[in-house]
Amino acid sequence: MSTPLPAPLTVGQPLTALAPMQDVTDLAFMGVIAHYGAPDYFFTEFFRVHAQSRPEKHILRSIDENATGRPVFAQLIGEDLGHLARTAEELLRHNVAGIDLNLGCPAPKVYKKNVGGGLLRDPERIGEILATLRAIVPGLFTVKMRIGFDDTTPFDRVLELVNEHRVDLLSVHGRTVKEMYRSEVHYDWIAHAVARARCPVLANGNITSAHKAATVLTDTRAAGVMIGRHAIRNPWIFSQCRELLSGQPVSRITLADVHDYIQRLYHATLSPSLPERDHVNKMKKYLNFVGQGVDPTGAFLYDMRRAESERGLFGICDQHLLTDPTRNFSLEPYPGVIARPNCETPDGTADGCSLATITA
Ligand SMILES: Cc1cc2nc3c(=O)[nH]c(=O)nc-3n(C[C@H](O)[C@H](O)[C@H](O)COP(=O)(O)O)c2cc1C
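If you want my numbering, it's the 1-based position in the sequence shown plus 827.
Okay, here's the thing in structure tokens:
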């Protein structure tokens, strides 16, 4: 008998999940998101699995010290059957909602090792991995995938394998590996997965707002949505989804609310080992996304990128967010206001997905 998925916060509503994001979805960030309105499910950033790997301590913290009240799935990236099994067994000793397999990471240094999105070139290897993990995961076993590598040729075969190995939940990012992060999202292929998969499917990719979530749910008939970058921009997005999907008006967010979010995020992500200047630079990576909703000209982004100290950064935040504090924060990103770097080139040296290279 299969294990039921954890109940959503509002029973009967479509599911919501915070997408796994390397260097973002850690304990601190999950706590901040939960403060403004938790998703139904969290996913850790990926645990790397190879011969010498041990589950990374900082990622384990997001499971062991999770105080959000919501379940956390532990994500693995790797291709060696024995090491994947060993790592899954180790993670199952922690309070995880389930084990998730990454079949999507598009960084060339990753896919060249035939892990993440690279595995989509070898569906039969995916079948072996699914069989191995299914055999040792007694509870929930989930998969997050893209719709193909160069194109969608392997998609149907992978969906067959997902059914054959009784995957419990499938998250589909509606782009191929080669499409990275900025092409249009192929929601029709997510609908295709919904029609074929026996398990619930979460639709993922460019879900910018509660209204966009509702449209994608209607168009794909997915069981829920998984949201990444737009939850960095707007941490209220999950509670807004719940409002809209239960027929209530979506709460408006003011610039003063955004100021509160930035302060909370700054303090939550402080670390004694991180010098102030480095912490300010780390904040800029989140603010790249936040800035897309502050003003239509990108003036906040322009100024924020020049901050060199905490005092400087909050001076800029005060000026842009508290001069007219009751003004609305835009629920959709302003068109043309791009989170830098604004050209997405596959970075052959990055060994994962980093905020420094991924934009929206
Ligand atoms: C900074 C960053 C890091 C990411 N790290 C991971 C990861 O560790 N595992 C994973 O499956 N996907 C990862 N992704 C992909 C996201 O989970 C998601 O599929 C993608 O961003 C599309 O959703 P969005 O448009 O809502 O952001 C990452 C994305 C970003 C922006």
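Quick reminder that beta carbons are idealized off the backbone N, C-alpha and C, glycines included.
Just so you know, these numbers come straight off a predicted model, no measurement behind them.
- Where the alpha helix (DSSP H) through Arg-1023 begins and ends: Residue 1023 sits at position 196 when you count from the first residue of the sequence shown. Boundaries of the alpha helix (DSSP H) harbouring Arg-1023: 1014 to 1023, taken from the DSSP string.
- Item | Delimiting residues of the beta strand (DSSP E) encompassing Arg-973 | The residue labelled residue 973 in the question sits at position 146 within the sequence shown. If you look at Arg-973, you'll find it in the beta strand (DSSP E) that goes 967 to 973.
- 8 Å contact criterion, which Ala-897 and Ala-855 should meet: CB distance rounded: Against the sequence shown, residue 897 aligns to sequence position 70. Against the sequence shown, residue 855 aligns to sequence position 28. For clarity, residue 897 is Arg in the given sequence; the question names Ala instead. The beta carbons of Arg-897 and Ala-855 sit about 15 Å from each other, so the pair does not count as a contact at 8 Å.
- Task: Quickly, what does DSSP pair Asp-927 with across the bridge? List them, please.
- Result: As a working mapping, residue 927 is identified with position 100 in the sequence shown. Within the DSSP bridge table, the entry for Asp-927 names Gln-902, Thr-969 as partners.
- Task: Output yes or no for whether 8 Å exceeds the beta carbon distance between Pro-841 and Val-1052.
- Result: The residue you call residue 841 lines up with position 14 of the sequence shown. The residue you call residue 1052 lines up with position 225 of the sequence shown. Yes, the Cβ-Cβ distance between Pro-841 and Val-1052 is below 8 Å.
- Which ranges would you report for the alpha helix (DSSP H) in the region 973 to 1014 if only whole runs of at least 4 residues count? Counting whole runs of 4 or more residues, the region 973 to 1014 contains the alpha helix (DSSP H) stretches 982 to 991.
- Query: Taking just the CA atoms, how far does Trp-1016 sit from Pro-831?
  - Reply: Stepping through the sequence shown from its first residue, residue 831 is reached at position 4. Stepping through the sequence shown from its first residue, residue 1016 is reached at position 189. Pro-831 and Trp-1016: Cα-Cα distance of roughly 26 Å.
- Item | Endpoints, beta strand (DSSP E) assigned at Thr-843 | Counting from 1 along the sequence shown, the entry for residue 843 is found at position 16. Its beta strand (DSSP E) spans residues 842 to 845.
- Item | Beta-carbon contacts of Ile-956 that lie in its chain and below 8 Å, excluding the five residues immediately before and after | For the purposes of this step, residue 956 is identified with residue 129 of the sequence shown, where counting begins at 1. Excluding residues within five positions, the ones whose Cβ falls inside 8 Å are Glu-906, Leu-908, Leu-911, Leu-928, Leu-946.
- Endpoints, the alpha helix (DSSP H) within which Asn-1031 is located: Within the sequence shown, numbered from 1, the residue matching residue 1031 stands at position 204. In this chain, Asn-1031 is not harboured by any alpha helix (DSSP H); it is covered by the beta strand (DSSP E) spanning 1028 to 1031.
- Message: Checking 8 Å against the spacing of the C-beta atoms, do Thr-980 and Ala-1018 come in under that value?
- Response: As a working mapping, residue 980 is identified with position 153 in the sequence shown. As a working mapping, residue 1018 is identified with position 191 in the sequence shown. Contact: no.
- Message: Just to confirm, is the Cβ distance from Leu-1097 to His-1106 under 8 Å?
- Response: Residue 1097 sits at position 270 when you count from the first residue of the sequence shown. Residue 1106 sits at position 279 when you count from the first residue of the sequence shown. Using a Cβ distance threshold of 8 Å, Leu-1097 and His-1106 count as a contacting pair.
- Task: Check whether the region 935 to 946 touches the region 962 to 970, taking contact to mean three or more Cβ pairs, one atom from each stretch, closer than 8 Å.
- Result: The way I'd put it, the region 935 to 946 doesn't touch the region 962 to 970; fewer than three beta-carbon pairs between them come closer than 8 Å.
- Item | Assigned exposure category for Asp-1122 - 16 Cβ within 10 Å defines buried | Counting from one through the sequence shown, the residue named residue 1122 turns up at place 295. In this structure Asp-1122 is buried. Its beta-carbon is surrounded by 16 or more other beta-carbon atoms within 10 angstroms.
- Query: Apart from the five residues on each side of it in sequence, which residues of its chain come closer than 8 Å, Cβ to Cβ, to Ala-1083?
  - Reply: Residue 1083 sits at position 256 when you count from the first residue of the sequence shown. Cβ neighbours of Ala-1083 beyond the five flanking positions: Leu-1148, Leu-1149, Pro-1152, Thr-1153.
- Message: Using 8 Å for Cβ pairs, my map puts Leu-887 next to Pro-866. What's the rounded Cβ distance?
- Response: Within the sequence shown, residue 887 is the residue found at index 60, counting from 1. Within the sequence shown, residue 866 is the residue found at index 39, counting from 1. About 20 Å separates the beta carbons of Leu-887 and Pro-866, which is beyond the 8 Å limit, so they are not a contact pair.
- Message: Which residue wins for smallest C-alpha separation from His-1057, given the options Arg-1069, Gly-1032, Val-1043, Arg-952?
- Response: The residue given as residue 1057 occupies position 230 in the sequence shown. Comparing Cα positions, the closest option is Gly-1032.
- Hey, could you find the ends of the beta strand (DSSP E) Val-1052 is sitting in? For the purposes of this step, residue 1052 is identified with residue 225 of the sequence shown, where counting begins at 1. Val-1052 -> beta strand (DSSP E) spans 1051 to 1054.
- Query: In or out: Glu-1006 buried (at least 16 other Cβ within 10 Å) or exposed?
  - Reply: In the sequence shown, residue 1006 corresponds to position 179, counting from 1. If you draw a 10 Å sphere on the C-beta of Glu-1006, you find 16 or more other C-beta atoms in it, and that means buried.
- Item | Buried/exposed call for Leu-1101, threshold 16 Cβ in 10 Å | The sequence position of residue 1101 within the sequence shown is 274, counting from 1. Its Cβ having fewer than 16 others within 10 Å, Leu-1101 is exposed.
- Task: Could you pull out every residue in the same chain whose Cβ sits closer than 7 Å to the Cβ of Glu-916, ignoring the five residues on either side in sequence?
- Result: Working through the sequence shown from its first residue, we reach residue 916 at position 89. The answer, listed in chain order, is Ile-963.
- What's the C-alpha gap between Pro-950 and Arg-984? By one-based count along the sequence shown, residue 950 stands at place 123. By one-based count along the sequence shown, residue 984 stands at place 157. Going from the Cα of Pro-950 to the Cα of Arg-984 covers about 7 Å.
- Query: Under 7 Å from any heavy atom of ligand 1, does the C-beta of Lys-971 make it?
  - Reply: Indexing the sequence shown from 1 puts residue 971 at position 144. Checking every heavy atom of ligand 1 against the Cβ of Lys-971, one is found closer than 7 Å.
- Query: Out of curiosity, what's the CA-to-CA distance linking Ala-1095 and Val-859?
  - Reply: Indexing the sequence shown from 1 puts residue 1095 at position 268. Indexing the sequence shown from 1 puts residue 859 at position 32. Answer to the nearest angstrom: the Cα atoms are 7 Å apart.
- Span of the alpha helix (DSSP H), counted from its first residue to its last, around Ala-1083: Taking the sequence shown and counting its residues from 1, one reaches residue 1083 at position 256. It spans 1082 to 1095 - the alpha helix (DSSP H) in which Ala-1083 sits, taken as one unbroken run.
- Query: Got a sec, what are the start and stop residues for the alpha helix (DSSP H) Met-857 sits in?
  - Reply: Residue mapping note: residue 857 aligns to position 30 of the sequence shown, counting from 1. Per DSSP, Met-857 belongs to the alpha helix (DSSP H) from 854 to 864.
- Message: Bridge partners for Asn-1188 per DSSP, in chain order?
- Response: Not covered by the structure: residue 1188. The range shown for the chain is 828 to 1187.
- Put Asn-1169 into one of helix, strand or coil per three-state DSSP. Reading the sequence shown from its first residue, position 342 is the one you call residue 1169. Reliability of the predicted coordinates at Asn-1169 is poor, the pLDDT of 37 falling under 50, and no value is obtained from them.
- Query: Around the C-beta of His-1013, are 16 or more other C-beta atoms found within 10 angstroms, so that it is buried, or is it exposed?
  - Reply: Here residue 1013 corresponds to residue number 186 of the sequence shown, with the count starting at 1. It counts as buried.
- Query: Given Thr-1172, which residues of its chain have a CB within under 7 Å of its CB, disregarding the five upstream and five downstream residues?
  - Reply: Residue mapping note: residue 1172 aligns to position 345 of the sequence shown, counting from 1. With a pLDDT of 44 at Thr-1172, under the threshold of 50, the modelled position of this residue cannot be trusted; read the value that follows with caution. Here the set comprises nothing.
- Query: By DSSP, does Tyr-868 sit in helix, in strand, or in coil?
  - Reply: As a working mapping, residue 868 is identified with position 41 in the sequence shown. DSSP, read as helix, strand or coil, puts Tyr-868 in strand.
- Straight-line Cα distance separating Ile-926 from Thr-871: Numbered from its first residue, the sequence shown carries residue 871 at position 44. Numbered from its first residue, the sequence shown carries residue 926 at position 99. Between Thr-871 and Ile-926, the C-alpha separation is close to 10 Å.
- Message: Which residue marks the beginning of the alpha helix (DSSP H) containing Asn-1108, and which one marks its end?
- Response: Locating residue 1108 in the sequence shown gives position 281, where the first residue counts as 1. Membership of Asn-1108 in the alpha helix (DSSP H) is indicated by the continuous run 1103 to 1117.
- Determine the direct distance from the alpha carbon of Asp-891 to that of Asn-922, and round the result to whole angstroms. Translated into positions along the sequence shown, residue 922 becomes position 95. Translated into positions along the sequence shown, residue 891 becomes position 64. Distance between the alpha carbons of Asn-922 and Asp-891: 7 Å.
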